[in-house]
Structure formats: structure tokens, C-alpha cells
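**Q** Right, I'll just put the structure down here and ask away after.
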Amino acid sequence: MICFGVANTIGSPISGVLGKRVGRPTLFIVATALNISALVAMELWHLARKQLIVFFVIPGIWGLADSIWQTQSAALVGLAFSDKQEPAFSNLRMFQALGFTVGYLYSNHMCEYKKLYIAGGELIFSMILVMAVEFRLKRDAPKKDNLVI
């Protein structure tokens, strides 16, 4: 958990700066790739005493991806709901807490590989929805190059 937290702490300000330079969609794609690589590593890796470094690398990768998801999704919600930010952020945090609760409730009742596939499915579904919101925001944005000065 310390590796996750350190990577998350380091990645948050970096992803904030990178979000302005390369754009949110690119960072969401990077975060998805990091999450998928961590899920694949967890699926394929077999516990071995000599591979202790993996206990630190996988949470670090997941923490880095989480830092991107947290900062960029907050920016996306703030932009998409600029006129109603308080209820939007309340709903964001409520559904995050609901997701943690559901994950906790089924964690003891499922095999690890099933949980990995559920996480992967949720990741792909989330990515589709995020890209749909990004597309709508870009489509609905006023055109700046048509201004007459």
C-alpha cells in the first residue's frame, strides 16, 4: 500500500501538468494501459520468493494509473458540470464509495481471476464512457476559429 500511495502522490501533480500539454484523452488511454498491464501481470504472475520486487512494482503501476484517473476524472467532471459542480462532485464521490463497498462485499466470495476480469470489464466500460463524455464536450464546445475580430 505504501508503494501505491507513493506512486499516487508522485503521479497526481505530474498528470495535472501533462493533462494541459497532451490532453485528458491521452492520459486516460495511458492510465487504461497501465491498469491493463497490472491486471495482466496479476493474472500471469505466480508467487515466488525471489520475485519480491513484483510486490512493489504492481501496486506502483496501479497507483500511477489511479493518480491519472483521479486527477483527470475530477477535471472532466468539473468541466462537464461547470454550472452544477457541487452535486456533480457529490455524485462522483458517492459512486466511488459505492464501488468500493460492492468490491468489498464480493471480495471474499470470488476467486482472484474472476475479480481481475470484473476489474478489466469495468475498466473498459469506464473508458468507453469517458471517451463518450470527451467527445460530447469537444463537439459541444464553441468554435473559436470562426470568430471575426
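Note that the numbering used here has the sequence shown beginning at 0, numbered continuously upward.
Backbone N, C-alpha and C fix where the C-beta goes; we use that ideal spot for every residue, glycine too.
1) Specify the secondary structure class of TRP44 as computed by DSSP and reduced to three states.
2) When you compare each of LYS114, ILE1, ASP139, GLY120 to PHE55 by their alpha carbons, which one comes out closest?
3) Taking 8 angstroms as the threshold (C-beta atoms), are GLY62 and ALA118 in contact?
4) Are the Cβ atoms of THR31 and LEU122 separated by less than 8 angstroms?
5) Does the region 36-44 come close enough to the region 93-109 that 3 or more CB-CB pairs lie under 8 angstroms?
6) CA-CA distance, ALA79 and MET130?
7) Check GLY22 in the structure and name its three-state DSSP category.
8) Classify GLN50 as buried or exposed, calling it buried when 16 or more other Cβ atoms lie within 10 Å of its own Cβ.
9) Do PRO58 and PHE124 have their C-beta atoms closer together than 8 angstroms?
10) So, for LEU146: in the same chain, excluding its five sequence neighbours on each side, which residues have a beta-carbon less than 6 angstroms away from its beta-carbon?
11) Are the CB atoms of VAL16 and LEU75 within a distance shorter than 8 angstroms?
12) Can you tell me whether PHE94 is buried or exposed, with buried defined as 16 or more other CB within 10 angstroms of its CB?
13) Identify which residue in SER106, GLY120, LYS83, THR25 has its Cα closest to the Cα of ILE161.
14) On the CB-based measure, 16 or more other CB atoms within 10 Å of its CB, does ASP139 come out buried or exposed?
15) Which residue wins for smallest C-alpha separation from LEU91, given the options LEU104, SER81, SER72?
**A** Well, looking at it:
1) If you number the sequence shown from 1, residue 44 lands on position 45. The answer is coil: DSSP assigns TRP44 none of H, G, I, E or B.
2) For the purposes of this step, residue 55 is identified with residue 56 of the sequence shown, where counting begins at 1. Residue ILE1 is the option with its Cα nearest to PHE55.
3) Against the sequence shown, residue 118 aligns to sequence position 119. Against the sequence shown, residue 62 aligns to sequence position 63. Not closer than 8 angstroms, so no.
4) As a first step, residue 31 is located in the sequence shown; it is residue number 32 there, counting from the start. As a first step, residue 122 is located in the sequence shown; it is residue number 123 there, counting from the start. Going by C-beta atoms, THR31 is nearer than 8 angstroms to LEU122.
5) no
6) Here residue 79 is taken as the residue at index 80 of the sequence shown, counted from 1. Here residue 130 is taken as the residue at index 131 of the sequence shown, counted from 1. The alpha-carbon atoms of ALA79 and MET130 are separated by roughly 13 angstroms.
7) Residue 22 sits at position 23 when you count from the first residue of the sequence shown. Residue state, collapsed to three classes: coil.
8) Within the sequence shown, numbered from 1, the residue matching residue 50 stands at position 51. Answer is exposed; the Cβ neighbour count stays below 16.
9) The residue given as residue 58 occupies position 59 in the sequence shown. The residue given as residue 124 occupies position 125 in the sequence shown. In this structure, PHE124 does not lie closer than 8 angstroms to PRO58 by Cβ.
10) Translated into the one-based positions of the sequence shown, residue 146 becomes position 147. Note that LEU146 scores a pLDDT of 49, beneath 50, so its modelled location is shaky; the value from the coordinates is reported in the next line. Correct list: empty, nothing qualifies.
11) Your numbering for residue 75 matches position 76 in the sequence shown. Your numbering for residue 16 matches position 17 in the sequence shown. No, Cβ-Cβ distance for LEU75 and VAL16 is not below 8 angstroms.
12) By one-based count along the sequence shown, residue 94 stands at place 95. Classification for PHE94: exposed.
13) A question about residue 161 goes unanswered here, because the residues of the chain that appear run from 0 up to 148.
14) Walking along the sequence shown from the start, residue 139 turns up at place 140. By the 10 Å Cβ count, ASP139 comes out exposed.
15) Taking the first residue of the sequence shown as 1, we reach residue 91 at position 92. Residue SER72 is the option with its Cα nearest to LEU91.
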